[in-house]
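S.K.:
Protein chains: 2
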Amino acid sequence: MITTAKTVLLLGIVLVSWTDFLATKTESGSNVEYTADAQLKFPTHYREWVYLTSGFDMSYSPAANMPDHHMFDNVFVNPEAYKVFAETGTWPDKTMLVLEVRGAMGKGSINQRGNYQGDAMGVEVHVKDKARFSGNWAFFGFGDEKTAKMIPTTADCYSCHASHAAVDTTFAQFYPTLLPIAKSKATLSPAYLKEAETPAQK
Amino acid sequence: MITTAKTVLLLGIVLVSWTDFLATKTESGSNVEYTADAQLKFPTHYREWVYLTSGFDMSYSPAANMPDHHMFDNVFVNPEAYKVFAETGTWPDKTMLVLEVRGAMGKGSINQRGNYQGDAMGVEVHVKDKARFSGNWAFFGFGDEKTAKMIPTTADCYSCHASHAAVDTTFAQFYPTLLPIAKSKATLSPAYLKEAETPAQK
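The listed protein sequences correspond, in order, to chains A and B.
Count along the first sequence from 1, then add 109; that gives the number in this note's numbering.
Count along the second sequence from 1, then add 109; that gives the number in this note's numbering.
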């Protein structure tokens, strides 16, 4: 039979390990944080979050000019939100999606063709915070700063995401591991389903 | 003062939570596993590991024919190995790097230009296991199978990684968040440093 002293010792060891785990979890978890003047704090550990997809030179506007350089974009989500999506097909409150834009390098080292990723050129964050934002979600753009003001809801990104996003204003149609989950959980938006049914009108 | 009964209850709660954490850790950690006939078991949870980079239509051979379709490749590493690399600039034993190849989609949904990611077409795994492989590392290729035989060491991938890789036979020169760490920790390979100094001879 375990003695009280041994129990307390064991409890102490477990608690220390558990505290370590919680510290790790806080680092890589969502913990959406704002400044006193409602700016979003930069999610420092987003590169350790769950990766969703990358795009190459993507554009939603046929009229936009071709840039003179190639670009990658990488999308990450906080692990807690990813787990909820995997179970339910949609996003919980305090979800943070991070879009990281990187320059594309061509020939270099032993690479002869195609493109690999260079320096980060900017980060955009899409945050779900129902108590704070009237449309549940808000966008923030970061350059080199560690805090960012909310992008005004008059910006095109809000109306475009609201009109075309597959799941809860997010472009899950471009996240290849999440789209099948949303289909199986029947969480695809009516607007997306209608668009997907009528390709000729896109 | 805490009673023995309360201590045991608290210990029970903490142990259950700790067990949950360990289960999670085992799922997303490295835990390299082999079958009895030395095949590597598929790393089921690699999409929850740490993302390193993506390439687009990359090729190391100038003579290779252009394929008739575009391809993405995404690279992931087990979180334990990532943490060690962040601290030391090189890989610990039992590191697993996963290269996932995906087809690239063009116009689709609201995307008008460039490419987004489609279905996975194959996975290649690079494993460091010093007790098992004479060169410390081995490659395994997966299609739809859940186990894979080691790719023979006569394959080009071994000689190419040995000759050109920036860190410990891995192409860290294409991992934009890891290359600065390797530079600062002085873990870049002599072969890579020589190649980087003499671009005209590449």
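Every residue gets a Cβ at the ideal spot worked out from N, C-alpha and C, and that includes glycine.
(1) Closest by CA to B/M180, which one among A/Y169, A/H178, A/P176, A/G164?
(2) For chain A, find out if any of its Cβ atoms is closer than 8 Å to the Cβ of B/P171; answer yes or no.
(3) What first and last residue would you give for the alpha helix (DSSP H) that runs through B/L288?
(4) Can you tell me whether B/Y267 is helix, strand or coil according to DSSP?
(5) Among A/T197, A/V210, A/G217, A/N187, which has the Cα closest to the Cα of A/K203?
(6) Opposite B/M175 in the DSSP bridges: which residues?
(7) Consider the Cβ of B/F165: report whether some Cβ of chain A lies at a distance smaller than 8 Å.
(8) Report the option in B/S243, B/A274, B/F151 whose CA atom is closest to the CA atom of B/T263.
(9) Hey, is the stretch 211-218 of chain A in contact with the stretch 283-295 of chain A, meaning 3+ C-beta pairs nearer than 8 Å?
(10) Here's the rule: buried if 16 or more other CB atoms are within 10 angstroms of the residue's CB, otherwise exposed. What is A/L287?
(11) Just the C-alpha distance for A/P285 and B/I260, rounded to the nearest angstrom, thanks.
(12) Can you tell me whether B/T173 is buried or exposed? The criterion is at least 16 other CB atoms within 10 Å of its CB, across all chains shown.
(13) Is it buried or exposed, A/L206, if we count other Cβ atoms within 10 angstroms and call 16 or more buried?
(14) What's the gap between the Cα of B/T162 and the Cα of A/K150?
(15) Taking C-alpha atoms, which residue in B/F251, B/W200, B/A305, B/N220 lies nearest to B/L208?
(16) If you drop the 5 nearest sequence neighbours on each side, which residues of the same chain put their C-beta closer than 7 Å to that of A/P152?
(17) Are B/T144 and B/T296 closer than 8 Å when you measure CB to CB?
(18) Using a beta-carbon distance below 8 Å, is B/V207 in contact with chain A?
(19) Determine, for B/T162, whether the minimum Cβ-Cβ distance to residues of chain A falls below 8 Å.
(20) By how many angstroms is the C-alpha of A/A305 removed from the C-alpha of A/A271?
(21) Taking only beta-carbon positions, decide if A/Q282 is within less than 8 Å of chain B.
(22) Short of 7 Å in beta carbon distance, which residues of its chain neighbour A/P299, apart from the five on each side in sequence? Order them along the chain.
(23) Assuming contact is defined by CB atoms lying nearer than 8 Å, are A/H273 and B/I219 in contact in what I supplied?
(24) Does B/Y91 have its Cβ less than 8 Å from a Cβ in chain A?
M.R.: Well, looking at it:
(1) To locate residue 180 of chain B, count along the second sequence from 1; it is residue 71. Nearest of A/Y169, A/H178, A/P176, A/G164 to B/M180, Cα basis: A/G164.
(2) For the purposes of this step, residue 171 of chain B is taken as residue 62 along the second sequence, with counting starting at 1. Output row for B/P171: interface = yes.
(3) Taking the second sequence and counting its residues from 1, one reaches residue 288 of chain B at position 179. Counting along the chain, the alpha helix (DSSP H) containing B/L288 begins and ends at 288-294.
(4) The sequence position of residue 267 of chain B within the second sequence is 158, counting from 1. In this structure, B/Y267 counts as helix in the three-state DSSP scheme.
(5) Within the first sequence, numbered from 1, the residue matching residue 203 of chain A stands at position 94. It is A/N187 whose Cα lies nearest to the Cα of A/K203.
(6) Residue 175 of chain B sits at position 66 when you count from the first residue of the second sequence. Paired residues: none, contrary to the question.
(7) Here the question's residue 165 of chain B lines up with position 56 in the second sequence. Yes, B/F165 counts as interfacial toward chain A.
(8) The residue labelled residue 263 of chain B in the question sits at position 154 within the second sequence. For B/T263, the nearest C-alpha among the options comes from B/S243.
(9) no
(10) Reading the first sequence from its first residue, position 178 is the one you call residue 287 of chain A. Under this definition A/L287 is a buried residue.
(11) Stepping through the first sequence from its first residue, residue 285 of chain A is reached at position 176. Stepping through the second sequence from its first residue, residue 260 of chain B is reached at position 151. Whole-angstrom Cα-Cα distance: 28 Å.
(12) To locate residue 173 of chain B, count along the second sequence from 1; it is residue 64. Sequence inspection shows Ala at residue 173 of chain B; the Thr mentioned does not correspond to that position. B/A173 comes out exposed.
(13) Translated into positions along the first sequence, residue 206 of chain A becomes position 97. A/L206 comes out buried.
(14) As a first step, residue 162 of chain B is located in the second sequence; it is residue number 53 there, counting from the start. As a first step, residue 150 of chain A is located in the first sequence; it is residue number 41 there, counting from the start. Whole-angstrom Cα-Cα distance: 24 Å.
(15) Position 99 of the second sequence holds residue 208 of chain B. Out of B/F251, B/W200, B/A305, B/N220, B/F251 has the C-alpha closest to the C-alpha of B/L208.
(16) Working through the first sequence from its first residue, we reach residue 152 of chain A at position 43. Here the set comprises M205, V207, V234.
(17) For the purposes of this step, residue 144 of chain B is taken as residue 35 along the second sequence, with counting starting at 1. For the purposes of this step, residue 296 of chain B is taken as residue 187 along the second sequence, with counting starting at 1. For B/T144 and B/T296, no; Cβs fall outside 8 Å.
(18) For the purposes of this step, residue 207 of chain B is identified with residue 98 of the second sequence, where counting begins at 1. For B/V207, the answer is no, since every Cβ of chain A falls outside 8 Å of its Cβ.
(19) By 1-based counting over the second sequence, the position of residue 162 of chain B is 53. It does; some Cβ of chain A falls within 8 Å.
(20) Walking along the first sequence from the start, residue 271 of chain A turns up at place 162. Walking along the first sequence from the start, residue 305 of chain A turns up at place 196. Approximately 15 Å between the Cα atoms of the pair.
(21) Here the question's residue 282 of chain A lines up with position 173 in the first sequence. Interface residue, yes.
(22) Your numbering for residue 299 of chain A matches position 190 in the first sequence. Cβ within range, chain order: n/a, list empty.
(23) Numbered from 1 along the first sequence, position 164 holds the residue referred to as residue 273 of chain A. Numbered from 1 along the second sequence, position 110 holds the residue referred to as residue 219 of chain B. Yes, these two residues count as a Cβ contact at 8 Å.
(24) This structure does not reach residue 91 of chain B, given that chain B is present from 110 up to 311, and the question cannot be answered.
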